[in-house]
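Residue numbers for the sequence shown follow our numbering, so the first one is 5 and each next one is one higher.
Take a look at the structure set out below.
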Amino acid sequence: MLSGSTIRKIRKIYRLSQKDVARITGISESMVSMIESGARQLPDKVAERFSEFLELTPEKVIDLLEFYQNTEVET
């Protein structure tokens, strides 16, 4: 359901920093960066923690990605 680029887009929508995502998921900030850039795969446990924290459902992810695509989200 989630990929590194999806994590990055959702993070930006929620105005979270990589440090915030690291704290939420229990990984390092550098690992978040590597996952978002595609240098590392997104571990299932990290995706699960991120999804649970933001209460993400497949439908909500689709809506968020559509919002991201149709809106200029500040980077």
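Every residue, glycine too, gets a C-beta built ideally from N, C-alpha and C.
Keep in mind it's a predicted model, so treat the numbers as computed, not measured.
| Contact check, ILE39 vs ILE14, beta carbons under 9 Å | The Cβ-Cβ distance between ILE39 and ILE14 does not fall below 9 Å.
| task | Identify the continuous alpha helix (DSSP H) that holds SER8 and give its terminal residues. | result | The amino acid at residue 8 is misidentified as Ser; the sequence shows Gly. Per DSSP, GLY8 is one residue of the alpha helix (DSSP H) stretching across 8 to 17.
| field | Cβ neighbour criterion (16 or more within 10 Å) applied to ALA51 | value | Result: buried.
| task | Pull up the CB-CB distance for SER7 and LEU46, whole angstroms please, since I reckon it's below 8 Å. | result | With 8 Å as the limit, SER7 and LEU46 qualify as a contact, their Cβ atoms being about 6 Å apart.
| Beta-carbon contacts of PRO62 that lie in its chain and below 8 Å, excluding the five residues immediately before and after | The residues MET5, in chain order, have a CB closer than 8 Å to that of PRO62 in the same chain once the five nearest residues on each side in sequence are set aside.
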